[in-house]
Amino acid sequence: MRRQMIAGNWKMNTNLESGKALAEGLAKHVSGKDLNADVLVCPPFPYLQAVKAAVGNSGISVGAQNCYFEEPGAFTGEVAVDMLLDIGCDWVILGHSERRHVLGETDEVINKKTKAALAKGLGVVLCVGELLEDREAGKTNAVLDEQMKGGLADVAAGDLSKIVIAYEPVWAIGTGKTATPEMADEAHAHIRGWLTSNYDQSAADAMRILYGGSVKPNNAAELLGQPNVDGALVGGASLTVDNFGPIIDAGLAQSGK
Ligand code: PGA
Numbered sequence: 552m553r554r555q556m557i558a559g560n561w562k563m564n565t566n567l568e569s570g571k572a573l574a575e576g577l578a579k580h581v582s583g584k585d586l587n588a589d590v591l592v593c594p595p596f597p598y599l600q601a602v603k604a605a606v607g608n609s610g611i612s613v614g615a616q617n618c619y620f621e622e623p624g625a626f627t628g629e630v631a632v633d634m635l636l637d638i639g640c641d642w643v644i645l646g647h648s649e650r651r652h653v654l655g656e657t658d659e660v661i662n663k664k665t666k667a668a669l670a671k672g673l674g675v676v677l678c679v680g681e682l683l684e685d686r687e688a689g690k691t692n693a694v695l696d697e698q699m700k701g702g703l704a705d706v707a708a709g710d711l712s713k714i715v716i717a718y719e720p721v722w723a724i725g726t727g728k729t730a731t732p733e734m735a736d737e738a739h740a741h742i743r744g745w746l747t748s749n750y751d752q753s754a755a756d757a758m759r760i761l762y763g764g765s766v767k768p769n770n771a772a773e774l775l776g777q778p779n780v781d782g783a784l785v786g787g788a789s790l791t792v793d794n795f796g797p798i799i800d801a802g803l804a805q806s807g808k
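According to our numbering, the sequence shown is numbered sequentially starting from 552.
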């Protein structure tokens with residue numbers, strides 16, 4: 552039985568006012584509910600502290616969308632793991648496709664960041680996913696294997712409990728095209744199989760694998776109901792309480808299924 556995680560990736564959206572209002576609205580939405588799933592919001596860096604204050608003791612966690620792998624020092628424009636921990640972040644999203652394909656991050660860099668976060672106890676949402684051309688060429692599993700191998704290189708089995716994998720087919724992100732529940736489950740099962748082969752069965756069974764890519768209130772329940780889908784990483788639909796609230800509720804309903 553795996554605890555679901557519903558994570559909102561706000562990307563480069565909101566401002567201070569709207570970010571605070573969204574966080575307050577979500578805190579209100581979950582208030583009084585039995586939070587049997589992890590609920591996470593990941594605002595832009597400048598709003599992390601305000602959002603952390605706005606979610607208060609609602610049980611909602613706050614995460615960053617990136618970090619750097621070096622210790623604090625002369626790295627202009629970067630943000631260290633220590634700084635995220637200092638302001639109460641519990642998680643960091645790493646390897647998102649926009650960082651891979653727009654900002655040029657390699658598996659090697661993502662791996663360094665993953666190890667830096669884990670070394671300090673910061674949880675990692677590690678994103679993997681194939682491009683449309685990969686899927687059409689029948690290379691989905693090979694791409695997933697390569698990204699898992701690259702991202703988790705030298706990560707000890709004992710650290711896996713601080714990691715959540717997010718499967719996000721790049722062709723489904725922000726496009727309104729969702730992988731069918733069967734396609735998502737198949738990819739998740741493949742990732743779990745990779746974990747079995749490269750770690751062991753218990754590590755694979757315990758790993759939470761989130762689906763991301765055009766998750767909306769009207770498709771969340773079916774996606775989250777798949778045997779290998781343990782939550783969602785949500786972009787566009789995480790920006791309003793009206794959309795994210797029902798997705799959280801779907802996660803609560805499926806947690807420990
Ligand atoms: P989307 O984004 O829900 O807007 O498709 C998902 C993501 O990029 O994490």
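Heads up, the beta-carbon is just placed ideally off N, CA and C, and yes, glycines get one too.
Proximity to residue i [Cα-Cα], best of the options
i	options	result
Gln555	Pro594, Pro778 and Asn617	Pro778
Asn769	Glu659, Thr729 and Ile611	Thr729
Leu790	Asn566, Arg553 and Met552	Asn566
Met758	Ala740, Pro623, Ala772 and Lys767	Ala740
Gly701	Leu669, Ala578, Asp658 and Ala625	Asp658
Val715	Ile724, Met699 and Thr726	Met699
Pro597	Lys584, Met634, Ala625 and Glu621	Met634
Gly583	Ser609, Leu703, Ala574 and Ala771	Ser609
Leu573	Ile742, Arg553, Pro594 and Gly689	Pro594
Val766	Met563, Glu697, Ile798 and Ser748	Ile798
Ala601	Asp585, Lys579 and Glu575	Glu575
Glu621	His652, Val660, Ala578 and Asp585	Val660
Ala754	Asp793, Thr726, Val785 and Ser712	Ser712
Ala707	Leu761, Glu629, His647 and Asn749	Asn749
Glu773	Ala717, Gln805 and Tyr619	Gln805
Leu784	His647, Pro732 and Asp585	His647
Ala668	Ala558, Leu703, Ile557 and Phe626	Leu703
Val676	Ala558, Tyr619 and Thr726	Ala558
Element boundaries [beta strand (DSSP E), containing residue i]
i	result
Ile611	Note, Ile611: premise wrong, no beta strand (DSSP E); not H, not E.
Span of the alpha helix (DSSP H) around residue i
i	result
Ile724	Element bounds for Ile724: n/a, residue is neither H nor E.
Asn779	It is not in any alpha helix (DSSP H) - Asn779 carries neither H nor E in the DSSP assignment.
Asp756	Gln752 to Ala757
Leu599	Leu599 to Val606
Leu803	Val792 to Gln805
Leu683	Leu683 to Glu687
Pro732	Pro732 to Asn749
Val630	Run containing Val630: none; DSSP gives neither H nor E here.
Ser648	Ser648 to His652
Gly576	Leu567 to Val581
For residue j and residue i, believed in contact at Cβ under 8 Å, the rounded distance
i	j	result
Gly802	Ala588	4 Å
Leu645	Lys664	5 Å
Lys666	Asp705	7 Å
Leu599	Val613	6 Å
Arg553	Asp781	5 Å
Distance, residue j Cα to residue i Cα
i	j	result
Glu568	Gly787	18 Å
Ala615	Cys640	7 Å
Asp756	Leu775	16 Å
Leu654	Ile611	29 Å
Thr691	Met734	11 Å
Pro623	Ala631	6 Å
Leu591	Leu746	24 Å
Lys671	Trp642	11 Å
Val694	Arg650	16 Å
Gly607	Gly807	26 Å
Glu684	Pro720	11 Å
Trp561	Asp751	34 Å
Asn617	Gly680	17 Å
Arg743	Cys678	14 Å
Asp736	Asp696	16 Å
Leu577	Glu687	38 Å
Met563	Pro732	28 Å
Ala771	Ile724	15 Å
Bridge partner(s) assigned by DSSP for residue i
i	result
Met556	Asp589 and Gly782
Ile716	Leu677 and Ile760
Trp642	Gly614 and Gly674
Ala693	None, per the DSSP bridge assignment.
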